[in-house]
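Undergrad: -12 is the number of the first residue of the sequence shown in the working numbering; add one for each residue after it. Would you mind keeping the following structure in view while I ask a few things?
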Amino acid sequence: MSTLARLKRPGITGKLFVAVLATATLVAVAVGVAAQWSFQRGFLGYLNTQAVLRMEVVMPRLTAAYAEHGDWDFLRNRRDLWFSLVGIGPPHPPEPREPPDSPPKQRPSGPMAELIASDLLGAGRRLSLLDAQRQRVVGFPFIMANSEQREIVVDGRTVGWLAMAPIETVTDSAAVAFLDRQLLAAAAAVVLAVLLSAAIAWWVARALLAPVRAVAGATHRLAAGAYDTRVELAGEDEVAQLAQDFNQLALTLERNERLRRDFMADVSHELRTPLAVLRGELEALEDGVHQPTPELLRRLQQEVAMLAQLVGDLHELALADVGALAFRQDELDLVPLVRSEVGALQAKAAERGLELQARLPDAALPVTGDERRLRQLLLNLLSNSLRYTDPGGMVRVELAADGADAVLDLQDSAPGVPEELLPRLFERFFRVEASRSRAKGGSGLGLAIARSLAEAHGGRLEARPSPLGGLWIRLMLPRLRPRGEGESA
-12 MSTLARLKRP
-2 GITGKLFVAV
8 LATATLVAVA
18 VGVAAQWSFQ
28 RGFLGYLNTQ
38 AVLRMEVVMP
48 RLTAAYAEHG
58 DWDFLRNRRD
68 LWFSLVGIGP
78 PHPPEPREPP
88 DSPPKQRPSG
98 PMAELIASDL
108 LGAGRRLSLL
118 DAQRQRVVGF
128 PFIMANSEQR
138 EIVVDGRTVG
148 WLAMAPIETV
158 TDSAAVAFLD
168 RQLLAAAAAV
178 VLAVLLSAAI
188 AWWVARALLA
198 PVRAVAGATH
208 RLAAGAYDTR
218 VELAGEDEVA
228 QLAQDFNQLA
238 LTLERNERLR
248 RDFMADVSHE
258 LRTPLAVLRG
268 ELEALEDGVH
278 QPTPELLRRL
288 QQEVAMLAQL
298 VGDLHELALA
308 DVGALAFRQD
318 ELDLVPLVRS
328 EVGALQAKAA
338 ERGLELQARL
348 PDAALPVTGD
358 ERRLRQLLLN
368 LLSNSLRYTD
378 PGGMVRVELA
388 ADGADAVLDL
398 QDSAPGVPEE
408 LLPRLFERFF
418 RVEASRSRAK
428 GGSGLGLAIA
438 RSLAEAHGGR
448 LEARPSPLGG
458 LWIRLMLPRL
468 RPRGEGESA
């Protein structure tokens, strides 16, 4: 992918950053708008509340004026007198500057000072005086349905009403300037919150995705063949689990690559030896050094047979690896199968000076499998023991039922296998040095094929030291229980 294409297509870090930033921006703007709207509504409510408090100050003055005049006629068309009663009046010219040593001028105090202080937003100009029939006498010309009204009572009877028109919008220049300053402050706070959110979003995006980038980089190196790549991440979250799975995958690939290289080296080594022998013998025949005697032909035939066995074993393993071995699923009795294979190898055991014993049960041990493949499995195990047991030794075969398995124990006498090498016994081309060397014959693939055949039948193979001094191999195959056995249990 080109650099231009990468710039056009943002990565996960950029996408996460944009998502977090967009969310934070929307939240900040929404909070700012809601706060500004709430402040404006609250400010209007505050102004109207202050206007109602002003009504409470004016009420006693109106009550006293009515008691003095007996009606409201003295206020009709008398705006100046009305403004005086409610504490407002025409603007006055600026007062002359007084000498520094003059005594302080007396300022209004008491209710009048309170009236003047509370009329900063023209509350007095929104006051209306109504008579007992709620007809306007003087003051604000519009009587609104939602106007705040107070009853004027003199000598126990209602003589009029004082109404205050509510503020719907702020039009006073000072109040508008105040609201504008608050709006500007809220906008600045929103911008600051967005910038701070951007910084935090970028840090969070990089911090959260740093482990992902580490795994991605390790994956690229692994894909390039660096199977020793590992990712070290602490924690127990999903990314840490992904790193652990990645390390396990890398370990498996590294092991498989090592096995592949070892396998190729082992195959070339195993093929080179018989081919070198054949080539040397044939060159000797061609040069007239050797004559085509029956003994020479027998040796050549043995080398060809070893090559054929090796190629056949490799073919069997290749089929087993890809799951292409042909199997029949028949119900078989394992007892006669083992008895038959042991009997067929008695002569070979006697030829090598070995005692081959078999302890088989009288009852049947039914299993499901392919008879030909099971015979091949038994032959590989028995041939391995007969091939590597010292002359004069013993090979013992025992077959029994153990729970849900049919268990075949095959033990031989010395030489044994070091315990630390037992886990490798079923590897391809693995041979224990000296006692179980290539000189004994075989391709080194017999036990590997046996394990593949056992696993293909749902069984397993285990190796352990034998009490007889040699090797103990245990084969476990799932057995078929006769009808009624599972029910009675």
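For each residue, glycine too, the CB sits at the ideal point set by N, CA and C. Since the model is a prediction, treat every value here as computed from it, not as a measurement.
Using CA coordinates, which residue listed in 255, 19, 204, 26 is at the minimum distance from residue 175?
TA: Stepping through the sequence shown from its first residue, residue 175 is reached at position 188. With distances taken between Cα atoms, residue 175 lies closest to 19.
Undergrad: Going by DSSP, name the residue or residues bridged to residue 148.
TA: Residue 148 sits at position 161 when you count from the first residue of the sequence shown. The partner list for residue 148 (beta bridge, DSSP) reads 117, 138.
Undergrad: Helix, strand or coil, according to DSSP, for residue 187 in the structure here?
TA: In the sequence shown, counting from the first residue as 1, residue 187 sits at position 200. In this structure, residue 187 counts as helix in the three-state DSSP scheme.
Undergrad: Pull up the distance between the alpha-carbon of residue 4 and that of residue 432, whole angstroms please.
TA: On the sequence shown, residue 4 is found 17 positions in, with the first residue counted as 1. On the sequence shown, residue 432 is found 445 positions in, with the first residue counted as 1. If I take the Cα positions, the gap works out to 57 angstroms.
Undergrad: How far does the alpha helix (DSSP H) with residue 67 in it reach, from first residue to last?
TA: As a first step, residue 67 is located in the sequence shown; it is residue number 80 there, counting from the start. That run of the alpha helix (DSSP H) goes 66 to 73.
Undergrad: Go through its chain and collect everything with a Cβ distance to residue 344's Cβ below 8 angstroms, but skip five positions before and after it.
TA: As a first step, residue 344 must be located in the sequence shown, where it is residue number 357. Cβ neighbours of residue 344 beyond the five flanking positions: 381, 382, 383, 384.
Undergrad: Does the Cβ of residue 255 have 16 or more other Cβ atoms within 10 Å, making it buried, or fewer, making it exposed?
TA: By 1-based counting over the sequence shown, the position of residue 255 is 268. Answer is exposed; the Cβ neighbour count stays below 16.
Undergrad: What are the complete alpha helix (DSSP H) segments, minimum 4 residues, inside the region -6 to 65?
TA: Listed in chain order, the complete alpha helix (DSSP H) runs (minimum 4 residues) inside the region -6 to 65 are -1 to 56.
Undergrad: Determine the burial state of residue 151: buried for a count of at least 16 other Cβ atoms within 10 Å of its Cβ, exposed for fewer.
TA: Here residue 151 refers to the residue found at position 164 when the sequence shown is read from its first residue. Per the 10 Å Cβ criterion, buried.
Undergrad: Does DSSP classify residue 274 as helix, strand or coil?
TA: Against the sequence shown, residue 274 aligns to sequence position 287. Of the three classes helix, strand and coil, the one that applies to residue 274 here is helix, per DSSP.
Undergrad: Check residue 101 in the structure and name its three-state DSSP category.
TA: What you label residue 101 is simply residue 114 of the sequence shown in a count that begins at 1. Confidence at residue 101 is low in this model, with a pLDDT of 44, below 50, so the placement of that residue is unreliable and no value is reported for it.
Undergrad: Hey, out of 118, 417, 325, whose CA is closest to residue 62's CA?
TA: Position 75 of the sequence shown holds residue 62. Ranking the options by Cα distance to residue 62, first place goes to 118.
Undergrad: In chain order, what residues of the same chain lie with their CB nearer than 7 angstroms to the CB of residue 26, ignoring the 5 residues before and after it?
TA: Your numbering for residue 26 matches position 39 in the sequence shown. Once the five neighbours on either side are set aside, the close Cβ partners of residue 26 are 169.
Undergrad: Identify the residues that DSSP records as bridge partners of residue 221: which are they?
TA: On the sequence shown, position 234 is the one that residue 221 refers to. Answer is none; residue 221 lacks a bridge partner.
Undergrad: At the level of alpha carbons, what is the spacing between residue 203 and residue 374?
TA: As a working note, residue 203 is residue 216 in the sequence shown. As a working note, residue 374 is residue 387 in the sequence shown. Going by the C-alpha atoms only, they are around 51 angstroms apart.
Undergrad: From residue 213 to residue 179, what does the alpha carbon distance come to, in whole angstroms?
TA: By one-based count along the sequence shown, residue 213 stands at place 226. By one-based count along the sequence shown, residue 179 stands at place 192. Cα to Cα, residue 213 sits roughly 47 angstroms from residue 179.
Undergrad: In terms of alpha-carbon separation, which member of 355, 416, 399, 296 lies closest to residue 392?
TA: Mapped onto the sequence shown, residue 392 falls at position 405. Answer by Cα proximity: 355.
Undergrad: Per DSSP, residue 344 is paired with what?
TA: Along the sequence shown, read from residue 1 onward, the residue named residue 344 stands at position 357. In the DSSP output, where bridge partners are listed per residue, residue 344 has 383.
Undergrad: Given that a residue counts as buried once 16 or more other Cβ atoms are within 10 Å of its Cβ, and exposed if not, what is residue 378?
TA: Locating residue 378 in the sequence shown gives position 391, counting from the first residue. The residue in question, residue 378, is exposed, as its Cβ has fewer than 16 Cβ neighbours within 10 Å.
Undergrad: Taking the continuous beta strand (DSSP E) assigned at residue 331, which residues delimit it?
TA: Locating residue 331 in the sequence shown gives position 344, where the first residue counts as 1. No beta strand (DSSP E) contains residue 331, which is instead part of the alpha helix (DSSP H) from 321 to 331.
Undergrad: Based on Cα-Cα distance, which residue from 184, 127, 291 lies nearest to residue 15?
TA: What you label residue 15 is simply residue 28 of the sequence shown in a count that begins at 1. Out of 184, 127, 291, 184 has the C-alpha closest to the C-alpha of residue 15.
Undergrad: Does residue 404 come out as helix, strand or coil in the three-state DSSP assignment?
TA: Looking up residue 404 in the sequence shown gives position 417. Coil, per DSSP.
Undergrad: Report yes or no: do the region 312 to 325 and the region 283 to 294 share at least 3 C-beta pairs separated by less than 8 angstroms?
TA: Flag = no, the region 312 to 325 and the region 283 to 294 do not touch.
Undergrad: Can the beta-carbon of residue 130 be found less than 8 angstroms from the beta-carbon of residue 53?
TA: Mapped onto the sequence shown, residue 130 falls at position 143. Mapped onto the sequence shown, residue 53 falls at position 66. No. Outside cutoff.
Undergrad: How is the alpha helix (DSSP H) around residue 433 delimited, first residue to last?
TA: Here residue 433 refers to the residue found at position 446 of the sequence shown. Segment 433 to 443, the alpha helix (DSSP H) holding residue 433.
Undergrad: Does DSSP classify residue 397 as helix, strand or coil?
TA: Sequence index remark: in the sequence shown, residue 397 carries index 410 (1-based). Residue state, collapsed to three classes: strand.
Undergrad: Quick one: is residue 187 buried, meaning 16 or more other Cβ sit within 10 Å of its Cβ, or exposed?
TA: Along the sequence shown, read from residue 1 onward, the residue named residue 187 stands at position 200. Per the 10 Å Cβ criterion, exposed.
Undergrad: Rounded to whole angstroms, how far is the Cβ of residue 230 from the Cβ of residue 198, which I believe are closer than 8 angstroms?
TA: Numbered from its first residue, the sequence shown carries residue 230 at position 243. Numbered from its first residue, the sequence shown carries residue 198 at position 211. About 7 angstroms; that satisfies the 8 angstroms criterion.
Undergrad: For residue 488 and residue 466, which I take to be in contact (beta-carbon distance under 8 angstroms), what is that distance rounded to the nearest angstrom?
TA: This structure leaves residue 488 out entirely; the chain is present only between -12 and 476.
Undergrad: What separation, rounded to the nearest whole angstrom, lies between the Cα atoms of residue 81 and residue 146?
TA: Residue numbering aside, residue 81 sits at position 94 when the sequence shown is read from its first letter. Residue numbering aside, residue 146 sits at position 159 when the sequence shown is read from its first letter. Here the model assigns residue 81 a pLDDT of 42, short of 50, so the residue's position is not dependable, and the following value carries that caveat. Computed Cα separation, rounded: 39 angstroms.
Undergrad: In its own chain, which residues sit with a C-beta less than 6 angstroms from the C-beta of residue 45, not counting the 5 before and 5 after it?
TA: For the purposes of this step, residue 45 is taken as the residue at position 58 of the sequence shown. Taken in chain order, the residues that qualify are 73.
Undergrad: Relative to the alpha-carbon of residue 402, which residue among 238, 416, 455, 386 has its alpha-carbon at the smallest distance?
TA: As a position in the sequence shown, residue 402 is number 415, starting the count at 1. Nearest of 238, 416, 455, 386 to residue 402, Cα basis: 455.
Undergrad: Are three or more beta carbon pairs between the region 286 to 295 and the region 265 to 273 nearer than 8 angstroms?
TA: A contact exists between the region 286 to 295 and the region 265 to 273.
Undergrad: Who are residue 465's beta bridge partners in DSSP?
TA: Within the sequence shown, numbered from 1, the residue matching residue 465 stands at position 478. The partner list for residue 465 (beta bridge, DSSP) reads 392.
Undergrad: With a 10 Å radius around its C-beta and 16 neighbouring C-beta atoms as the bar for buried, classify residue 415 as buried or exposed.
TA: For the purposes of this step, residue 415 is taken as the residue at position 428 of the sequence shown. Under this definition residue 415 is a buried residue.
Undergrad: In this structure, how does DSSP classify residue 198 when only helix, strand and coil are distinguished?
TA: Stepping through the sequence shown from its first residue, residue 198 is reached at position 211. Helix at residue 198.
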